[in-house]
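Working notes for the structure below.
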Amino acid sequence: MSEHPVNAAQEAAARRNFNEFFRQWWFSVAVMGLICLTSLLPANTVHSLALVHDAVSNGEVWRIFTSQFVHLGFNHTVLNLVGYLIVSASFREDITPREEMITLTICALGVGLGIYLFNPEIGWYVGLSGAIYGILTHYLIIGWQRSAILSGFFGVYLIGKFIYEQMIAGPDTVTAGLIGGAVAIDSHLYGAITGLVTGVVSLLLFHRK
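Numbered by the working numbering, the letters in the sequence shown go through residues 394 to 602 in order.
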């Protein structure tokens with residue numbers, strides 16, 4: 394018995410939709426899956442991946458990168474998962490998984506190096522929020538050509554946030570209470586600066602119309 398043509402067409406459309414979703418989202422899903430998996434690690438393993446100044450100075454340089462993908466606890470993990478999802482979904486049409494991978498890697502390294510080089514008072518650092526601000530800055534630069542309103546909204550948000558954090562209020566005590574540790578506001582700044590550089594370079598080299 395032959396397959397009903399309507400069912401066959403629906404299955405073909407479903408496969409196309411899934412393939413398109415996978416093509417666009419595979420790296421974002423992988424990153425969020427990694428964050429979920431690292432949230433299950435025991436505390437001693439998290440500590441071995443965290444950015445600890447003395448440990449990095451003694452040769453454990455991987456901590457500069459791995460520290461971005463471990464978190465203080467459930468609330469910290471969820472906040473960064475939601476943030477990553479919002480940023481990824483907002484600019485999905487503008488960024489390929491390859492560009493996302495490169496941008497996230499560079500921003501994570503930029504944040505880790507910034508904390509290590511310029512914030513010796515932060516003895517122990519974990520979390521992806523700084524890198525998320527980096528990819529957001531990169532994405533809004535690239536996305537400006539398609540949606541100036543969306544990019545402008547996020548641009549105003551970032552400027553307002555950095556003025557508030559760096560010049561007015563300092564670290565967010567409410568968020569600190571929620572995640573169980575102090576908010577390293579300079580990591581947000583380092584991420585945004587790194588994302589600004591990668592965004593401008595990418596725009597000039599790959600996205601000019």
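For glycine and all other residues, C-beta sits at the position ideal for the given N, C-alpha and C.
Within the segment 493 to 567, note down every full alpha helix (DSSP H) run reaching 4 residues or more, in order along the chain. Complete alpha helix (DSSP H) runs here, min 4: 522 to 536 and 541 to 556.
Go through its chain and collect everything with a Cβ distance to residue 419's Cβ below 8 angstroms, but skip five positions before and after it. Result list for residue 419: 490, in chain order.
Specify whether the segment 476 to 486 and the segment 550 to 561 touch according to this definition: at least 3 beta carbon pairs, one from each stretch, less than 8 angstroms apart. Contact fails: fewer than three Cβ-Cβ distances are below 8 angstroms.
When the Cα of residue 457 is compared with those of 591, 545 and 524, which residue comes out closest? Ranking 591, 545 and 524 by Cα distance to residue 457 puts 524 first.
Check residue 444 in the structure and name its three-state DSSP category. Strand.
N-terminal and C-terminal residue of the alpha helix (DSSP H) that residue 581 is part of: For residue 581, the uninterrupted alpha helix (DSSP H) run begins and ends at 578 to 599, by DSSP.
Does DSSP put residue 489 in a helix, in a strand, or in coil? If DSSP states are grouped into helix, strand and coil, residue 489 belongs with coil.
Leaving aside the five residues before and after residue 502 along the sequence, list all residues of the same chain whose C-beta is less than 7 angstroms from its C-beta, in chain order. So the list reads 457 and 458, once near-sequence residues are dropped.
Could you tell me the alpha carbon to alpha carbon distance between residue 586 and residue 405, rounded to whole angstroms? Going by the C-alpha atoms only, they are around 44 angstroms apart.
Nearest neighbour of residue 505, chosen from 430, 598, 493 and 527 [CA to CA]: Nearest Cα to residue 505 within the set 430, 598, 493 and 527: 527.
Mapping the DSSP letters down to three states, classify residue 413 as helix, strand or coil. DSSP, reduced to helix, strand and coil, places residue 413 within a helical segment of the structure shown.
Taking 8 angstroms as the threshold, find out whether the segment 537 to 548 comes into contact with the segment 512 to 519 through three or more Cβ pairs. Contact fails between the segment 537 to 548 and the segment 512 to 519, because fewer than three Cβ pairs, one in each stretch, are under 8 angstroms apart.
Starting from the C-beta of residue 507, find all residues in its chain whose C-beta is less than 6 angstroms away, skip the five residues before and the five after it, and write them out in chain order. Leaving aside the five residues that flank residue 507 on each side, the residues in its chain whose CB is nearer than 6 angstroms to its CB run, in chain order, 583.
Ordered along the chain, which non-local residues of its own chain (more than five positions away) have a Cβ less than 8 angstroms from that of residue 555? Sequence-distant Cβ neighbours of residue 555 in its own chain, meaning closer than 8 angstroms and more than five residues away, are 581, 582 and 585.
Examine the Cβ distances between the segment 433 to 441 and the segment 531 to 540 and report whether three or more of them are shorter than 8 angstroms. Taking 8 angstroms as the limit for Cβ pairs, the verdict is that the segment 531 to 540 does not touch the segment 433 to 441.
CB-CB under 7 angstroms to residue 536, same chain, minus the five flanking residues each way: which ones, in chain order? The beta carbon of residue 536 is closer than 7 angstroms to those of 484, 487, 543 and 544 in its chain, skipping five residues each way along the sequence.
Residues in the same chain with beta-carbon distance under 8 angstroms from residue 446, minus the five sequence neighbours each way, listed in chain order, please. Counting only Cβ-Cβ distances below 8 angstroms, and skipping sequence neighbours, we find 509, 513, 515 and 516.
Coarse secondary structure for residue 423, derived from DSSP in three states: Residue 423 falls in the helix class under three-state DSSP.
Distance, Cα to Cα, residue 415 vs residue 463? About 25 angstroms.
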